[in-house]
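Below is one structure, written out as structure tokens; the observations come after it.
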Amino acid sequence: MSDTAWTGDMRFTDQPPSYQHLVAIRERQADAAPLRENVSIDCGWGRILMGHTFRRPADIADQLVHESPGKRDIAMYVADPHVVLAAAPQTLFLDPSDTYRLDLTGILVDPQASPGITVCRVASADQAQAINELYLKRDMVPTDPEYIWEQRAAAEIVWLVAVDDNTRAVVGTVMGIDHVALFDDPSRGSSLWCLAVDPQASHPGIGELLLRHLADYFYTRQCSYMDLSVLHDNQQAKMLYEKLGFRQIHTFAIKNKNAYNETLFLGPELEEDLNPYARIIVDEARSRGISVEVLDAAEGYFRLSRGSTRIDCRESLSELTSAVAMSRCQDKLVTHRWLQRAGLRTPAYRIAGRTDANVAFLEQHGQVVVKPAIGEQGLGITVGVDSPETLETAIAAAARYHDRVLLESCHPGQDLRIVVIGYTVVAAAIRKPPEVVGDGKHSLEQLIEKLSRRRSASSQGESSIPIDNDTVACLAEQRLELSSVVESGRSVQVRKTANFHTGGTIHDVTDTLHPVLVEAAEQAAQHLHIPVVGLDFMVSDPAGSGQAGPDYVIIEANERVGLANHEPQPTAQRFVDLLFPLSTSVHDTPKSGVNRGE
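What the sequence shown shows, in the numbering used here, is residues 26 to 623, in sequence order.
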């Protein structure tokens, strides 16, 4: 590792300084304040140790091994990592991340870069809470929103948020540290941390916009450079940083061998490439010491073993669900019949048959939903059929997936998914059809393709937006075409259905779910006698504000519910609890609760 080179104004040209370099610089500054030693900063989720301010490597190790429970400390700019690791080899490890640096020589933010998004410092307690929710969505270490709010005006640390101008929702965040304010850094450095963007955000370029705003913020504070750390194999992020002018520097980071860092120091134990719905369960099981054998990675089959207990699963469908219970959920006609017998509300329905009978059912209800009696992932479903011509077309589309086609009365409202595990509600989320936001430049087809690529990347290929007849029909109802270019900031719905696999977005409402819906979901699971199920409702209002109870109908029961779609709710934890009730989760910290009206 080469020596650090310095210019007259003490700006970096290669790498962070060692403690000895800092001392030498300060000794040349007669009126300088004494050099601060052993500098660290609390970021809410853990501490960042500025390794180049530590005189002795053993002191870095001593600080790291006293990491608080549930936190994630990081020692950056470590000059002698081998010496630090030698002080606690069983506890610490060398982080496999690279450090990138941007020289701040006049960073300016283009105000037209992302219309419809405003970037600002955290300005309310609600925004501080939203930052933590973003961390949880992106599987990052949670933080304390109260701490963020208390530190909102601090000089050493700053949180920026990206706010959707239309919905006022926080769709992105980034944290920065001013090294000058923190320890009077003679090299006038700064660093970027915790860049997180809502994977369901419709606007493009939010991450880059946050990065540019943070760089501009530090530039106005007369910082010379901004550093960031990126996992060594994250090539997509590295390409973006290099495009923006970042260059790699040579320095090291050290972390603790804790639950949050398992994949970094142990590496993946399973070579099989599981989908997200199997992976979330497998990861939870492995964290508890439960053995995992992958039986068929492509289809999500695996076996969990602990002691004498052995259970085969296909994602969230396990041997605890009987074949008979599964058949009741697979066949939507049977589901409706059983739930109605239990006194629960479902749509009016009939099996498609003669044309005159189909049209009579349509005329009776005004609008209908057409779907295959057995199917999944939204395939073959047409919503809002309102004419005999489109009815026959929709029936033909559904018949491609199953020979029996179900007609249902159409119910307006919000699409709600409730997850029930062990006959108890664990999570609830509103599902919304995909939307794109116009920029006045690109066609709707181009915007859909861009959004679809982002959805696919954030879901490991599980969610994408088809450009098909349903998409064309949805746009046509808004007097638009795929070639249309809409004005900047205008939101356009591009599908009628809210299915996650066809680009729908998921918005957690577990904390505010009305007790009437909680009771209905748990009763439905009990009557269907299925221990793990995802129930699809159409509701007037999931919170039932100002009502004795919200209007609802139960439209489907899903025997293999996607648990990964409901983070940060502890769906995988509760699933493994059900299978192995005596095991203990290292990730099991209370995050929210279901409203039971108690």
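Idealized CB from N, CA, C, for every residue including glycine.
Given the structure is predicted, the values throughout are model-derived calculations rather than measurements.
- Does the distance from the CB of Glu181 to the CB of Ala206 come in under 7 angstroms? yes
- Separation of Val450 from Gln247, as counted between CA atoms: 52 angstroms
- Indicate the three-state DSSP secondary structure (helix, strand or coil) for Gly201 in the structure shown. strand
- Message: Is it the case that the segment 441-458 contacts the segment 500-516, given that we only count it when at least three CB pairs across the two stretches are under 8 angstroms?
- Response: no
- Completely contained beta strand (DSSP E) runs for the segment 379-454, where each covers 3 or more residues: 393-397, 407-410, 430-434, 439-446
- alpha helix (DSSP H) segment containing Gly232, residue limits: 231-245
- Span of the beta strand (DSSP E) holding Glu267? Taken as a continuous stretch (DSSP letters only), Glu267 belongs to no beta strand (DSSP E), being part of the alpha helix (DSSP H) at 260-268.
- Message: I'd like the list of long-range same chain contacts for Phe386, defined as Cβ closer than 6 angstroms, with 5 residues on each side in sequence excluded.
- Response: Arg375, Leu432
- Message: Less than 7 angstroms between the beta carbons of Ala582 and Leu560, yes or no?
- Response: yes
- Separation of Val395 from Ala421, as counted between CA atoms: 10 angstroms
- How is the beta strand (DSSP E) around Cys219 delimited, first residue to last? 215-222
- As assigned by DSSP and simplified to three states, the class of Met165: coil
- Task: Return the chain-ordered list of same chain residues with a C-beta closer than 8 angstroms to the C-beta of Gly71, the five sequence neighbours on each side being excluded.
- Result: Glu92, Ser93, Lys96, Arg97, Asp98, Ile99, Val166
- Query: So, are the CB atoms of Gln392 and Cys354 less than 7 angstroms apart?
  - Reply: no
- Item | As assigned by DSSP and simplified to three states, the class of Ala179 | coil
- Message: Going by C-alpha to C-alpha distance, which of Ile73, Gly69, His77 sits closest to Glu62?
- Response: His77
- Query: For the 8 angstroms Cβ check, are there 3 or more pairs between the segment 539-558 and the segment 407-427?
  - Reply: no
- Outcome for Met264 when other beta-carbon atoms lying within 10 angstroms are tallied against a minimum of 16: exposed
- Message: Which same chain residues end up closer than 8 angstroms to Glu340 when comparing Cβ atoms and leaving out the 5 residues on each side of it in sequence?
- Response: Asn300, Tyr302, Ala303, Ile306, Gly325, Arg585, Gly587, Leu588
- Message: Using only CA atoms, which one of Gln439, Glu401, Pro413 lies nearest to Tyr426?
- Response: Glu401
- Item | Own chain residues within Cβ distance below 7 angstroms of Arg520, not counting five before or after | Pro458, Pro459, Ile490, Asp495, Thr496, Cys499, Thr527, Gly528
- Task: Counting only the same chain and skipping the five closest in sequence on each side, list residues whose C-beta sits under 7 angstroms from that of Phe327.
- Result: Ala303, Val307, Val317, Glu318, Val319, Leu320, Cys338
- Which residues DSSP lists as bridging Arg272, in chain order: Arg126
- Query: Would DSSP call Lys466 helix, strand or coil?
  - Reply: coil
- Outcome for Leu268 when other beta-carbon atoms lying within 10 angstroms are tallied against a minimum of 16: The sequence shown places Lys at residue 268, not Leu. When all chains shown are included, Lys268 counts as exposed.
- Contact check, Val144 vs Leu185, beta carbons under 7 angstroms: yes
- In whole angstroms, what is the alpha-carbon distance linking Ala55 and Leu239? Unreliable positioning characterises Ala55 in this predicted model, as indicated by a pLDDT of 48, which lies under 50. The coordinate reading is nonetheless provided below. Each residue's Cα considered, the two are about 33 angstroms apart.
- Task: Reducing DSSP to helix, strand and coil, say where Cys248 ends up.
- Result: coil
- Neighbourhood of Ala350 by C-beta, 7 angstroms cutoff - its chain only, sequence neighbours within 5 removed: Leu553, His554, Ile555
- Is the Cβ-Cβ distance between Ser122 and Ala278 less than 7 angstroms? yes
- Message: With H, G and I counted as helix, E and B as strand and the rest as coil, what does DSSP make of Val196?
- Response: strand
- Query: If you drop the 5 nearest sequence neighbours on each side, which residues of the same chain put their C-beta closer than 7 angstroms to that of Gly270?
  - Reply: Leu127
- In or out: Glu158 buried (at least 16 other Cβ within 10 Å) or exposed? buried
- Task: Over the uninterrupted beta strand (DSSP E) stretch that includes Cys354, give me the two end residues.
- Result: That residue, Cys354, is in no beta strand (DSSP E); its alpha helix (DSSP H) goes 348-355.
- Kindly list the residues whose CB is nearer than 6 angstroms to the CB of Gln439, restricted to its own chain and excluding five residues on each side of it in sequence; keep chain order. Ile455, Val564
- Task: Please name the residue in Asp493, Gln152, Glu547 whose C-alpha comes closest to that of Arg177.
- Result: Gln152
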